[in-house]
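J.: What follows is a single structure, and I will ask about it in a moment.
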Amino acid sequence: MNEKTFKPDLSVNLAGIALDNPILAASGPFGYGHEYRELIDFKDLGGIIVKGISPEPWAGNPPPRVTETPSGMLNAIGLQNPGLEKFLAEDLPQLRGSGPRLVVNVVGCSLEEYAEVASGLEGAEGIDGLELNISCPNVKAGGMAFGTDPDATRRVVEAVRRRTGLPLLVKLSPNVTSIVAIARAAEAAGADGISLINTLGGMLIDTGQKKPLLGNVFGGLSGPAIMPVALKMVWEVAGAVKIPVLGMGGITSADDALQFIMAGARAVAIGTGLFYDPDLPAQIKTGLIEYLKQENLTHLGQLEGAARL
Amino acid sequence: MNEKTFKPDLSVNLAGIALDNPILAASGPFGYGHEYRELIDFKDLGGIIVKGISPEPWAGNPPPRVTETPSGMLNAIGLQNPGLEKFLAEDLPQLRGSGPRLVVNVVGCSLEEYAEVASGLEGAEGIDGLELNISCPNVKAGGMAFGTDPDATRRVVEAVRRRTGLPLLVKLSPNVTSIVAIARAAEAAGADGISLINTLGGMLIDTGQKKPLLGNVFGGLSGPAIMPVALKMVWEVAGAVKIPVLGMGGITSADDALQFIMAGARAVAIGTGLFYDPDLPAQIKTGLIEYLKQENLTHLGQLEGAARL
Amino acid sequence: MLLNENTRAKYQAEICPVLDNRVVSPGYHRIQLQAPAIARTVEPGQFVQVFMPSRHSQMLPRPFSVYRADPAAGELTLLLEVKGRGTALLAEVSAGAALKLLGPLGRGFPSPPPHSLLVAGGMGIVPLAFLAASTGAPGTLIYCARTAGLLVCPRPELDRPGLSIIEATDDGSRGEQGTAADLLSRRIEGAGAVFACGPRLMLAAVKKICRRAGVKAWFSLEERMACGIGACLGCAVATTGGYRRVCRDGPVFPAEEVILDE
Amino acid sequence: MLLNENTRAKYQAEICPVLDNRVVSPGYHRIQLQAPAIARTVEPGQFVQVFMPSRHSQMLPRPFSVYRADPAAGELTLLLEVKGRGTALLAEVSAGAALKLLGPLGRGFPSPPPHSLLVAGGMGIVPLAFLAASTGAPGTLIYCARTAGLLVCPRPELDRPGLSIIEATDDGSRGEQGTAADLLSRRIEGAGAVFACGPRLMLAAVKKICRRAGVKAWFSLEERMACGIGACLGCAVATTGGYRRVCRDGPVFPAEEVILDE
Ligand SMILES: Cc1cc2nc3c(=O)[nH]c(=O)nc-3n(C[C@H](O)[C@H](O)[C@H](O)COP(=O)(O)OP(=O)(O)OC[C@H]3O[C@@H](n4cnc5c(N)ncnc54)[C@H](O)[C@@H]3O)c2cc1C
Ligand SMILES: Cc1cc2nc3c(=O)[nH]c(=O)nc-3n(C[C@H](O)[C@H](O)[C@H](O)COP(=O)(O)OP(=O)(O)OC[C@H]3O[C@@H](n4cnc5c(N)ncnc54)[C@H](O)[C@@H]3O)c2cc1C
Ligand SMILES: Cc1cc2nc3c(=O)[nH]c(=O)nc-3n(C[C@H](O)[C@H](O)[C@H](O)COP(=O)(O)O)c2cc1C
Ligand SMILES: Cc1cc2nc3c(=O)[nH]c(=O)nc-3n(C[C@H](O)[C@H](O)[C@H](O)COP(=O)(O)O)c2cc1C
Ligand code: FES
Ligand code: FES
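Residue numbers (this note's numbering), protein chains in the order written: chain A, 1 to 309; chain B, 1 to 309; chain C, 1 to 262; chain D, 1 to 262.
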């Protein structure tokens, strides 16, 4: 191959979503993308997963909502969002055609709410897929998250599957005894792909004030601190389901992204890393191309699961 | 109170074990204490929890066994240990009377093995308590750890309880959906205290070699990275059981130790932090005394659960 | 990092050589940077996100109000208090090194009307020093702290024609004795407007005094941040209009909209 | 940190002023430290744990073989290759700063008999340079690497009376062309003993050659470490006697006991 002209192909197909490159903005940190548009060249992103949308607007949690932790951060935003209607009217039009594939993260407190958002998004122009965030409290089941029980997972995925023809990713919470059992339930219920991981439950205490640091007491831990946990779950799930996996949790370099892909992920998402450096998607893209060249590989896909052999 | 003479009292009673100060060496990193004796003034430790002991010697996992991660480390030692007999003959005599209270961490692959170690330690001079490590694979139940299921937890704790009159701590794995359910099962089965947390499951991949970095593929994540997760579990368990909690996971400062105590822990243990700085027990002890003086408190116990109010 | 050419530059990331870093008081640093793009457009009350100096530290950027800006020289000055790990790392940066900054961020103060009162508590002085320096008729600056050692802003850097400065400490160790509230109540009569930045308790007192006197007030707020640009919703504060983002909707808010833990 | 007075000082933690830190080749640093206690007792093949310089970095200490020790001057020298985050941080330390060291650790080389062969691959030169410098009749040092740029140890620091040095590179870019195995096979006849440190594959080849020739060999091994003192069992290597600790039972082992992935 000619060293000079050889340009490795980063495109991948994630659960029916054709991505130019395997780097997505994770749901939440990126909001609805407006603000980052001034800062990031959207060509460097294969896709954007917007912040979770519920049927009605949610106010979110009392402050403080974020705090730094060693190599990570805690957040307790509380899924604040404008609700389905306002998202369709105000946010979606601005994002449409901005380049990256668009995936909408869906939240709810009951089967009906999840299904309602999925229906409402059906047919809306410019949406390439849904990501079901099943780590929300299941109000009808006493507040335990849907994603902590295979049976509840199956029911919520089925409910949404019936309402949408869009590619459907199901995003799992890592706060479970067996992530594999949950992933298999989602696959059996019709998911096209699995996203993992969401944040680990955590908290900190302000010893000066003798009270929890976050307004909500508990929050979700993300960032490099959790990457080993995320990578293990991706490894386990990729070995247990046939549908593709979107890996995330603490990615801040091309090497990190490669670890997820070699563990079996089809693509990767970046959350907290964007805060450390908005340039990260560009850096990862460059790093992936360099690695492929160095290894004389033409397609990123050739590395999927490479460490499993 | 006289600023000069006032000396706050750090002693606590952990599940029937009277500790001069609330700082213990966590099971594993400290081995059987011999090596650290050249480096640490044992007066700075309230207690030592020795590395897990099984009935027969265990060889442990193939290397590499440890690697650094962002603000943490992964280990897959594989519970290598000399076995009960050699521990009693060679290790215990060297530790006996060295100052800190001595707690023996107990491991096994079946109820019988746990019970065998507990019986074997019964009556051995110089042992102040047991810590049951129930995150070991339960060979009779297909390798799932005892500590991932409340019922298995209850059975193993009961089996050991019948064999020992020593104070009995039960050490929980954080890799579960509901830590509270497991803690309650341990309490109901006769535990005198709960130790938490053990390491989070994790892995890393060497992208150069395209294979998992640890010889065992998976390892346990410890260190500051996991402290928010540990603190939340301590908070939840301390609110759900009546027996005292020994908190650990990522402690590297007096402020960290105070956070655990304010979350409801009676005492704290240090693992990974000892690697960063063997001086840590001394530093934490000094820091606790300073904090108590500054707050005009006479007993550390006055801070237990202070952030819960 | 460059902006997309087709977007109007509202904020941008800039690699800024450090020109000077000096201790103004133990634990307080004044860091001067070459930051032409930000210095050109920044307004009083706006802030910057400073990224961590070491490529090895995986840490969130830290928000700092702009203390001074010299658009002609392309210089920006920050005044920072060492509080934790992030500020400790920044305080170690020396001239010749470079810091990545993102800015200018947020909405600054409106232009002060005649006879305005600027009320600064502790490090709240930073945005108000910039405001005072940027205004034709700045009026009066009330600069308070618990004790003398906490009035760290160098006096020569505050002095300017047309600005009367009143220093005060709770313990009377410097300037008048009294709190910001004490000093403000005595002067609120006939004030054009109040601009305040400082601890929550101080702001709550200021708010009450202004409401009683019927004087319009503007507060610059602080909250822990992640993105700093409005995307993550991490920096919410409670307002009469619901939770709003300090980084994008503020940091300056009309006092009557801010819900403090009064 | 002081040792318990009643224990014999086998190893200890020492705060060591950095005397010099220079680049010997891009990415390779030679760091000279004031470390009287360690320098006094360290033997060739022993190592130190170096704690991270910044109080903000929560990182494991890193193990380094001792490159030179001057007991009289109380000086210790390390030679390190920048590989990742830890070595990058250490490489930035400048004279005047101080590093905390724990040492001397582990078991070093036995005293070389006459006509010994020292075989160093790449950074494996470090403990062997110390061994060569400490012995009356060091014999021959075979110093190999893939290519010239990787023979980073300054030649004047190796040269000494009674030591014959053979440099070699796989690609022939410096010294003889050939691998350590090639060079060793030609010289193993009549050797007193072999002392080797380098990549695993090299050690495997050396082991085979020594076994065939019936020459006793000693290897210095590396493994990732946590405690460095034998407590955590993190640095296990497979030996004929089961897993053993590189940090306490080694780093030097008799070649015949070491199980390499042959
Ligand atoms: C809009 C804005 C403008 C600011 N302007 C200045 C300024 O001009 N000069 C200055 O010295 N500081 C300013 N701050 C505060 C500064 O951002 C924090 O002190 C800094 O982020 C602390 O970082 P750290 O790593 O040192 O502390 P950490 O270790 O993260 O925390 C130490 C303590 O600092 C406080 N703190 C942490 N983050 C924030 C935050 N985002 N806002 C307020 N307090 C915080 C908390 O009390 C915490 O306990 C400003 C903050 C905001 C939001
Ligand atoms: C007994 C002993 C003596 C050593 N002597 C020297 C010496 O004299 N000079 C020198 O430059 N290096 C020496 N090393 C290796 C040195 O310890 C590692 O290169 C260093 O720890 C890497 O740290 P890092 O943070 O830069 O790399 P990391 O980011 O932790 O890892 C980068 C790469 O370095 C390698 N590595 C990491 N840890 C170790 C380790 N403990 N041992 C071997 N390789 C490792 C791995 O390949 C890893 O992928 C020695 C190691 C041991 C065990
Ligand atoms: C501030 C913040 C907000 C988040 N909001 C959402 C959300 O609305 N929906 C969701 O599924 N995940 C949310 N997440 C989780 C991330 O999408 C991601 O799963 C997690 O942070 C791990 O990736 P990271 O370590 O790269 O951040 C949020 C994370 C952060 C840090
Ligand atoms: C190297 C190492 C070995 C360990 N071995 C054991 C063990 O034998 N038994 C056990 O119950 N926990 C073991 N642990 C877990 C620790 O006791 C502790 O629960 C965990 O590391 C969290 O604390 P830390 O973050 O302070 O290290 C080990 C941890 C490490 C790092
Ligand atoms: S810090 Fe992200 S929205 Fe303000
Ligand atoms: S590194 Fe701990 S035993 Fe060797």
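Note that beta-carbon positions come from the ideal geometry of N, C-alpha and C, so glycine has one too.
#1: Determine the chain C residues that contact Q80 (chain A) at a beta-carbon separation under 8 Å, and present them in chain order.
#2: Out of D:G214, D:L80 and D:C235, which has the shortest C-alpha to C-alpha gap to E222 (chain D)?
#3: Mind checking if G198 (chain C) is an interface residue toward chain A, Cβ cutoff 8 Å exclusive?
#4: Would you kindly check if the distance between the Cβ of G250 (chain D) and the Cβ of R107 (chain D) is under 8 Å?
#5: Whole angstroms is fine: what's the gap from G147 (chain B)'s alpha carbon to R154 (chain B)'s?
#6: With DSSP as the reference, label S178 (chain B) as helix, strand or coil.
#7: Is it the case that the Cβ atoms of N216 (chain A) and P29 (chain A) are separated by a distance below 8 Å?
#8: M1 (chain C) CB to nearest chain A CB: under 8 Å?
#9: Nearest to A311 (chain A) by CA position, among A:V157, A:A263, A:M248 and A:K293, is which residue?
#10: Using a Cβ-Cβ cutoff of 7 Å, what residues of the region 63–80 of chain B are near chain A? List them in chain order.
#11: Determine, using beta carbons only, whether P278 (chain A) and Y36 (chain A) come nearer to each other than 8 Å.
#12: G96 (chain A) and E122 (chain A) look like a contact to me (Cβ under 8 Å); what is the Cβ gap, rounded to whole Å?
#13: Does the beta carbon of P224 (chain A) sit closer than 8 Å to a beta carbon anywhere in chain C?
#14: How long is the line joining the alpha carbons of G214 (chain D) and G162 (chain D), rounded to whole angstroms?
#15: Give the list of continuous beta strand (DSSP E) stretches no shorter than 3 residues that lie fully inside the region 104–135 of chain A.
#16: Mind checking whether L101 (chain D) and E14 (chain D) have CB atoms under 8 Å apart?
#17: At which residues does the beta strand (DSSP E) containing P63 (chain D) begin and terminate?
#18: Report the start-end ranges of each alpha helix (DSSP H) in the region 30–117 of chain B that is 4 residues or longer and not cut off at the edges.
#19: Got a sec, what are the start and stop residues for the alpha helix (DSSP H) Q49 (chain C) sits in?
#20: Please decide whether P212 (chain A) counts as near chain B, where near means a Cβ-Cβ distance under 8 Å.
#21: Rounded to whole angstroms, what is the Cα-Cα separation between I289 (chain A) and L102 (chain A)?
#22: Under 8 Å Cβ to Cβ from L90 (chain D), same chain only, skipping five residues before and after it: list those, please.
#23: Rounded to whole angstroms, how far is the Cβ of G74 (chain C) from the Cβ of P36 (chain C), which I believe are closer than 8 Å?
#24: Near N4 (chain C), what residues of its chain come up, given a Cβ to Cβ distance below 8 Å and the 5 sequence neighbours on each side ignored?
#25: Would you kindly work out how many angstroms separate the C-alpha atoms of G83 (chain B) and G16 (chain B), rounded to a whole number?
#26: Between the region 11–38 of chain B and chain D, which residues of the former have a C-beta closer than 9 Å to a C-beta of the latter?
#27: If you measure between the beta carbons of V107 (chain A) and G52 (chain A), is that distance less than 8 Å?
#28: Spell out a yes or no on whether the region 200–218 of chain A and the region 267–276 of chain A are touching, meaning 3 or more CB-CB pairs, one atom from each, closer than 8 Å.
#29: Using a Cβ-based criterion (distance less than 7 Å to any ligand heavy atom), does V48 (chain C) qualify as near ligand 5?
#30: Is A226 (chain C) near ligand 5, going by C-beta to nearest heavy atom under 7 Å?
#31: State the Cα-Cα distance for the pair Q80 (chain A) and A226 (chain C), rounded to the nearest angstrom.
#32: Starting from V206 (chain C), trace the alpha helix (DSSP H) both ways and give me its first and last residue.
#33: Please report how far the alpha carbon of M1 (chain B) lies from the alpha carbon of H299 (chain B), in whole angstroms.
#34: Ligand 8 and S71 (chain A): does any heavy atom of the ligand fall closer than 7 Å to the residue's C-beta?
#35: Against chain B, does N6 (chain D) count as a neighbour if the rule is that its beta carbon must be under 8 Å from one of theirs?
#36: Would you identify the three-state DSSP class for A217 (chain D), choosing helix, strand or coil?
T.: Per the coordinate set shown:
#1: Here residue 80 (chain A) corresponds to residue number 80 of the first sequence, with the count starting at 1. Residues of chain C with a Cβ closer than 8 Å to the Cβ of Q80 (chain A) are, in chain order, L233, A236 and Y243.
#2: Locating residue 222 (chain D) in the fourth sequence gives position 222, counting from the first residue. Each of D:G214, D:L80 and D:C235 was checked against the Cα of E222 (chain D), and the nearest Cα belongs to D:C235.
#3: Within the third sequence, numbered from 1, the residue matching residue 198 (chain C) stands at position 198. Not one chain A Cβ lies under 8 Å of G198 (chain C).
#4: One-based indexing of the fourth sequence puts residue 107 (chain D) at position 107. One-based indexing of the fourth sequence puts residue 250 (chain D) at position 250. Yes. Within cutoff.
#5: Residue numbering aside, residue 147 (chain B) sits at position 147 when the second sequence is read from its first letter. Residue numbering aside, residue 154 (chain B) sits at position 154 when the second sequence is read from its first letter. The C-alpha of G147 (chain B) lies about 9 Å from the C-alpha of R154 (chain B).
#6: As a working mapping, residue 178 (chain B) is identified with position 178 in the second sequence. Coil, per DSSP.
#7: Counting from one through the first sequence, the residue named residue 216 (chain A) turns up at place 216. Counting from one through the first sequence, the residue named residue 29 (chain A) turns up at place 29. At the C-beta level, N216 (chain A) and P29 (chain A) stay beyond 8 Å of one another.
#8: Along the third sequence, one-based indexing puts residue 1 (chain C) at 1. Any reading at M1 (chain C) must be qualified, since the residue scores a pLDDT of 29, below 50, and its modelled position is unreliable; the value itself is stated next. M1 (chain C) counts as touching chain A.
#9: The requested residue 311 (chain A) does not occur in the structure, where chain A is confined to residues 1 to 309.
#10: Under the 7 Å Cβ criterion, the region 63–80 of chain B contributes T69, P70, S71, G72 and L74.
#11: Within the first sequence, the letter at position 278 stands for residue 278 (chain A). Within the first sequence, the letter at position 36 stands for residue 36 (chain A). Their beta carbons are under 8 Å apart, which means P278 (chain A) touches Y36 (chain A) by this criterion.
#12: Position 96 of the first sequence, counted from the start, is the residue given in the question as residue 96 (chain A). Position 122 of the first sequence, counted from the start, is the residue given in the question as residue 122 (chain A). The sequence given here has Arg at residue 96 (chain A), not Gly. The C-beta distance from R96 (chain A) to E122 (chain A) rounds to 16 Å, too long to meet the 8 Å contact threshold.
#13: For the purposes of this step, residue 224 (chain A) is taken as the residue at position 224 of the first sequence. So yes, P224 (chain A) belongs to the interface.
#14: On the fourth sequence, residue 214 (chain D) is found 214 positions in, with the first residue counted as 1. On the fourth sequence, residue 162 (chain D) is found 162 positions in, with the first residue counted as 1. The straight-line gap separating the alpha-carbon atoms of G214 (chain D) and G162 (chain D) is approximately 25 Å.
#15: You should have 129–133.
#16: The residue labelled residue 101 (chain D) in the question sits at position 101 within the fourth sequence. The residue labelled residue 14 (chain D) in the question sits at position 14 within the fourth sequence. In this structure, the beta-carbon distance from L101 (chain D) to E14 (chain D) falls below 8 Å.
#17: The residue labelled residue 63 (chain D) in the question sits at position 63 within the fourth sequence. Note, P63 (chain D): beta strand (DSSP E), R62 to S65.
#18: As far as the region 30–117 of chain B is concerned, its whole alpha helix (DSSP H) runs of at least 4 residues are 92–95.
#19: What you label residue 49 (chain C) is simply residue 49 of the third sequence in a count that begins at 1. Taken as a continuous stretch (DSSP letters only), Q49 (chain C) belongs to no alpha helix (DSSP H), being part of the beta strand (DSSP E) at F47 to V50.
#20: Position 212 of the first sequence, counting from 1, holds the residue named residue 212 (chain A). With 8 Å as the cut-off, P212 (chain A) counts as an interface residue toward chain B.
#21: Indexing the first sequence from 1 puts residue 289 (chain A) at position 289. Indexing the first sequence from 1 puts residue 102 (chain A) at position 102. Counting only the Cα atoms, L102 (chain A) lies some 23 Å from I289 (chain A).
#22: Translated into positions along the fourth sequence, residue 90 (chain D) becomes position 90. Apart from sequence neighbours up to five positions away, the residues of its chain that approach L90 (chain D) with a beta-carbon distance below 8 Å are H29, I31, V50, M52, P53, R62, L80 and L99, ordered along the chain.
#23: Residue 74 (chain C) sits at position 74 when you count from the first residue of the third sequence. Residue 36 (chain C) sits at position 36 when you count from the first residue of the third sequence. Contact flag correct, Cβ pair sits at about 3 Å.
#24: Here residue 4 (chain C) is taken as the residue at index 4 of the third sequence, counted from 1. Reliability of the predicted coordinates at N4 (chain C) is poor, the pLDDT of 34 falling under 50, and the value obtained from them is presented with this limitation in mind. Once the five neighbours on either side are set aside, N4 (chain C) has no close Cβ partner at all.
#25: Translated into the one-based positions of the second sequence, residue 83 (chain B) becomes position 83. Translated into the one-based positions of the second sequence, residue 16 (chain B) becomes position 16. One C-alpha to the other measures close to 26 Å.
#26: Listed in sequence order: G28, P29, F30, G31, Y32, G33, H34, E35, Y36, R37 and E38.
#27: Your numbering for residue 107 (chain A) matches position 107 in the first sequence. Your numbering for residue 52 (chain A) matches position 52 in the first sequence. Yes, the pair counts as a contact, with Cβ atoms nearer than the cut-off.
#28: Verdict: no, contact absent.
#29: Locating residue 48 (chain C) in the third sequence gives position 48, counting from the first residue. Checking the Cβ of V48 (chain C) against ligand 5 gives no.
#30: Sequence index remark: in the third sequence, residue 226 (chain C) carries index 226 (1-based). Yes, Cβ of A226 (chain C) sits closer than 7 Å to a heavy atom of ligand 5.
#31: Here the question's residue 80 (chain A) lines up with position 80 in the first sequence. Here the question's residue 226 (chain C) lines up with position 226 in the third sequence. If I take the Cα positions, the gap works out to 16 Å.
#32: Sequence index remark: in the third sequence, residue 206 (chain C) carries index 206 (1-based). The continuous alpha helix (DSSP H) containing V206 (chain C) extends over residues R200 to A213.
#33: As a position in the second sequence, residue 1 (chain B) is number 1, starting the count at 1. As a position in the second sequence, residue 299 (chain B) is number 299, starting the count at 1. Its pLDDT being 47, under 50, M1 (chain B) is placed unreliably in this model, and the coordinates cannot settle the point.
#34: Ligands present in the displayed structure are limited to ligand 1, ligand 2, ligand 3, ligand 4, ligand 5 and ligand 6, and ligand 8 is not among them.
#35: Numbered from its first residue, the fourth sequence carries residue 6 (chain D) at position 6. Low local confidence applies: a pLDDT of 35 at N6 (chain D) is under 50, so the model's placement there is unreliable, and no value is given.
#36: Taking the first residue of the fourth sequence as position 1, residue 217 (chain D) is located at position 217. In the structure shown, A217 (chain D) falls within a strand segment according to DSSP collapsed to helix, strand and coil.
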